[in-house]
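Here the structure comes first, spelled out in structure tokens, and everything after it is commentary.
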Amino acid sequence: MRIVYLTHSLASCWNHGNAHFLRGVLRSLIAAGHRVEVYEPAGAWSLENLLRDHGPSGLEPFRAAYPELSSQTFASPAEAVERAAGADLVLVHEWNEPALIAALGRARARGESRLLLFHDTHHRAVSAAHEMAAFDLSAYDGVLAFGEALAQVYCRLGWGARAFVWHEAADTVLFRPPAEPVARSGLVWIGNWGDGERTQELETFLFRPARAAGLPLDVYGVRYPDDALATLARYGARYHGWVANGAAPALFARALATVHVPRRFYAGQLPGIPTIRVFEALACGIPLICAPWEDAEGLFTPGSDYLVAATGAAMERHMRALREDPDLRAALGRQGLATIRARHTCRHRAEELLAIAQRLRAPEPVEASP
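Residues 39 to 408 in my numbering are what the sequence shown spells out, letter by letter.
Shown next as structure tokens:
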């Protein structure tokens, strides 16, 4: 099958979490024998920021981790449509311009591809519905939503059975426990500060309890304004800036535990959607503690795959327990890893995508005449 994916950026994961999952699932599709092509707009915001901060060397970790992946740029929607023509399956990520979304839809209506799917991995459908309303999806065959709560948003917009749940997952080729035991200490947190969507939550569930538990905290990510850096300094956290996603497994391997602090939209309006870091951390066998988050879809087993802290005080108690109890750390690491390998790898998601495509290509049942 010829599969075309139109992304914001494949090579850059600078404030672009979808690149993590995209790389893993495309690698799995290639391994399964499919022809995969990736296209992205010239001058992509994420890539421009990565090159500005780190120069061409910032792309080396991606190339080293994914030698089988590459992308081509397009300068206009018309060029993208031309390149995608004739594909068996075209997927378009939501971080693309409305003009491109519409142009690909018109091409699908003309029969220039067999299937066209919209891939939504963000909370904008509830946080900025006016932005999503600018997308003309009328000719699309279906929507891939990265959680049931988001799929239901599309169902209410009339998509019905053509709104599919397609969760993110861990690329277990890259995210796995260290081959040899590594000395571990302190906590690590990898995440972007963003637009203040969880500022209070980070202080309550990460910075304050880490300091109270006496655990050193290393923080990685981008878009940390001066006031955020001042907050980190006040709590004694060490800020390291951007880290390539390919380097994350080594960081997890050196820490006692990590923490999941969901953005407010995923804790409230879109419950049941974990960030990609949950999958990746568990795939590395590192103990994970979650701030309040409802696993509405039963993806994991709270208390076995990871610990849950309803309050900052509970988070501090969990941190102290993990610091003092190696058996607890080992049990959480084993169980979380087992759950990922059983259900939440990029290979699983590649298989799910192919099943969705097959379902959409199946002819409509013909009702018998009375």
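Glycine included, every Cβ here is placed at the ideal spot set by N, Cα and C.
Our two residues, I311 and H58, have alpha carbons roughly 16 angstroms apart in a direct line. Excluding five sequence positions before and after A266, the CB atoms of its chain that fall closer than 6 angstroms to its own CB belong to W231, given in chain order. No Cβ-Cβ contact shorter than 7 angstroms links M39 with H92. Per the DSSP secondary-structure output, Y273 pairs with nothing in a beta bridge.
By the CB criterion at 7 angstroms, Y277 and V257 fall inside the cutoff. Annotation: the segment 209-271 contains the following complete segments of the alpha helix (DSSP H) (minimum length 4 residues), in chain order: 237-240 and 246-250. In the DSSP assignment, L392 falls within the alpha helix (DSSP H) that extends over C384 to R399. Excluding sequence positions up to five before and after L255, its CB lies within less than 8 angstroms of the CB of G224, L225, V226, W227, L244, F245, A248, R249, Y273, G274, A275 and R276, all in the same chain and listed in chain order. Sequence-distant Cβ neighbours of H157 in its own chain, meaning closer than 6 angstroms and more than five residues away, are L129, H131 and L182. Annotation: the continuous beta strand (DSSP E) that includes Q110 extends over Q110 to F112. When DSSP reads this structure, I41 sits in a beta bridge with V74 and L127. DSSP, reduced to helix, strand and coil, places Y344 within a strand of the structure shown. Using a 10 angstroms sphere on the CB of H168, the tally of other CB atoms stays under 16, which defines it as exposed.
Closest option to W280, judged by alpha-carbon separation, among P99, F112, E318 and R379: P99.
Under DSSP, V181 shares a beta bridge with F156 and A201.
G143 sits away from D179, with the two beta carbons spaced by 7 angstroms or more.
Non-local C-beta neighbours of W331 in its own chain, meaning closer than 8 angstroms and more than five positions away in sequence, comprise H298, P300, Y304, A305, P309, P312 and V346, ordered along the chain.
Note on S84: 16 or more other CB atoms within 10 angstroms of its CB, so buried under the neighbour-count rule. Just so you know, the alpha carbons of F290 and Y77 end up roughly 31 angstroms apart. A buried status is given to R146, since no fewer than 16 other beta-carbon atoms sit within 10 Å of its beta-carbon. The C-beta distance from L107 to L155 rounds to 20 angstroms, too long to fall under 8 angstroms, and the pair is not in contact. In the assembly as shown, T339 is an exposed residue. Its beta-carbon has fewer than 16 other beta-carbons within 10 Å. By the C-beta density criterion, S151 is buried, having at least 16 other C-beta atoms within 10 angstroms.
Counting along the chain, the unbroken beta strand (DSSP E) around L326 starts and ends at L326 to C328.
For A295, the pairing in a beta bridge is given by DSSP as L225. When the Cα atoms are used, R214 and P287 turn out to be separated by approximately 7 angstroms. Here the C-alpha atom of G350 lies approximately 21 angstroms from the C-alpha atom of I324.
Residue burial is scored here from C-beta neighbours: R194 has fewer than 16 other C-beta atoms within 10 angstroms and is therefore classed as exposed.
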